[in-house]
Amino acid sequence: MTVKAYGAHAGDQPLQPLDITRRAPGVHDVQIAIACCGVCHSDIHQVRSEWAGTLYPCVPGHEIVGRVTAVGAHVSKHKIGDLVGVGCIVDSCQHCADCNEGLENYCAQMVGTYNGSTPDAPGHTLGGYSQQIVVHERYVLRICHPEAQLAAVAPLLCAGITTYSPLRHWKVGKGHKVGVVGIGGLGHMGIKLANAMGAHVVAFTTSPSKREAAKALGAHEVVVSRNADEMAAHAKSLDFILDTVAAPHDLDAFFALLKRDGTMTLVGAPASPHPSPEVFSLIMKRRSLAGSMIGGIPETQEMLDFCAEHGIVADVEMIRAGQINDAYERMLKGDVKYRFVIDCASLAA
Ligand code: NAP
Ligand code: ZN
150 MTVKAYGAHA GDQPLQPLDI TRRAPGVHDV QIAIACCGVC HSDIHQVRSE WAGTLYPCVP
210 GHEIVGRVTA VGAHVSKHKI GDLVGVGCIV DSCQHCADCN EGLENYCAQM VGTYNGSTPD
270 APGHTLGGYS QQIVVHERYV LRICHPEAQL AAVAPLLCAG ITTYSPLRHW KVGKGHKVGV
330 VGIGGLGHMG IKLANAMGAH VVAFTTSPSK REAAKALGAH EVVVSRNADE MAAHAKSLDF
390 ILDTVAAPHD LDAFFALLKR DGTMTLVGAP ASPHPSPEVF SLIMKRRSLA GSMIGGIPET
450 QEMLDFCAEH GIVADVEMIR AGQINDAYER MLKGDVKYRF VIDCASLAA
């Protein structure tokens, strides 16, 4: 089936309307009419070829929500009419140790929602800036939030799980002082989730204008990271830091804020390396540096259910598909509170 989408033909070209083909649903597939798709900074990195290996045409989008319109004969998890989501993963080998543990995100054959390998035309996956998608049922998530919140649920499919998974893995909770660095799409979810898990949350921002807004998101304290005195006030006091920043920056300034045995986990994925760490900033206090990539399917469902139970959604600004190039420019300036979401009905116009 041919559907309308938005994508780019090259890294130095703006996104534009495209017609793309979706496969007919196979026996294990779910066909979804996409209502909305969140705009992740990874979409910018990928479509502009800032990371290696972008395949064109590139249709980004991995924060997908919508309604099931058809299911294959062997589908048991979802039925026509259900509200569902699709995140960053649309396939994996389904039998390796990672898949068996529900950590499909670390499967060597994980297929991303866009730029992944697929037998479908044009040979690589095309993402959620489109009217419809067809996905194996294993990778389709159940949405329990009210339908009226659907647009604000979309960012949970990437920004939500990418921050939830490391907070859970490093057992963040009551009694912990946790730093969230960068208050963008991921960071604002990190603040909300760490707060809901019971931690004392300190938000670190380069944007003084976000100070009050970060408190409204659930940060107990806000630090403007370019202010050395504000940073020094938190020296050696944090148990855990989640760094969501989309650009290279000095990590040592943040290691200095970790207690002995504290961990800093990177989720931000800049196109070029950070200038640090200096090893002494790690070894002097047995500090750890770690990374984390999205989350597996069972944990993504757990996160969606946790958010529904705690009334957590993203703070979003709705756009039409034709506004996407301007939205990217605004994101690069940090000018979004806190996630753009495309109204995919606008693709029909
Ligand atoms: P975003 O909405 O654009 O937010 C990034 C934030 O980083 C900005 O709002 C800004 O916050 C801060 N920042 C500071 N200096 C910056 C600079 N020079 N350029 C850009 N941002 C700067 O991005 P996002 O969607 O949250 O994604 C953040 C990063 O995570 C991206 O690199 C993305 O590719 C990556 N990511 C990784 C995973 C994973 O699985 N690990 C998943 C999704 C996304 P302040 O104004 O508060 O300083
Ligand atoms: Zn993403």
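Okay, so the sequence shown: first residue is 150 according to our numbering, each after it adds one. Cβ atoms here follow ideal geometry from the backbone N, Cα and C, with glycine treated the same way.
Rounded to the nearest angstrom, the gap between the Cα atoms of K228 and A257 is 30 Å.
Residue nearest to S386 within the set L252, V428, E370, D399 is E370 (criterion: CA-CA distance).
With a beta-carbon spacing of about 7 Å, I310 and E448 fall inside the 8 Å limit used to define contacts. With distances taken between CA atoms, I193 lies nearest to H211 out of H177, N376, H211, K364. Shortest gap from the CB of P209 to any heavy atom of the ligand NAP: 7 Å or more. The region 282-365 is shown to contain whole beta strand (DSSP E) runs of 3 or more residues at 289-291, 326-330, 349-354, in chain order.
L453 has no beta-bridge partner at all, per DSSP. In the structure shown, the three-state DSSP call for Q243 is coil. Residue selection by CB proximity (closer than 5 Å to any heavy atom of the ligand ZN) returns C189, S191, C307 in chain order. Nearest to S441 by C-alpha distance, out of G202, Q165, L252, is L252. Rounded to whole angstroms, the Cβ separation of H325 and A348 is 5 Å, and the two are in contact under 8 Å. Membership of S430 in the alpha helix (DSSP H) is indicated by the continuous run 428-432. For the ligand NAP, no non-hydrogen atom lies closer than 7 Å to the CB of I181.
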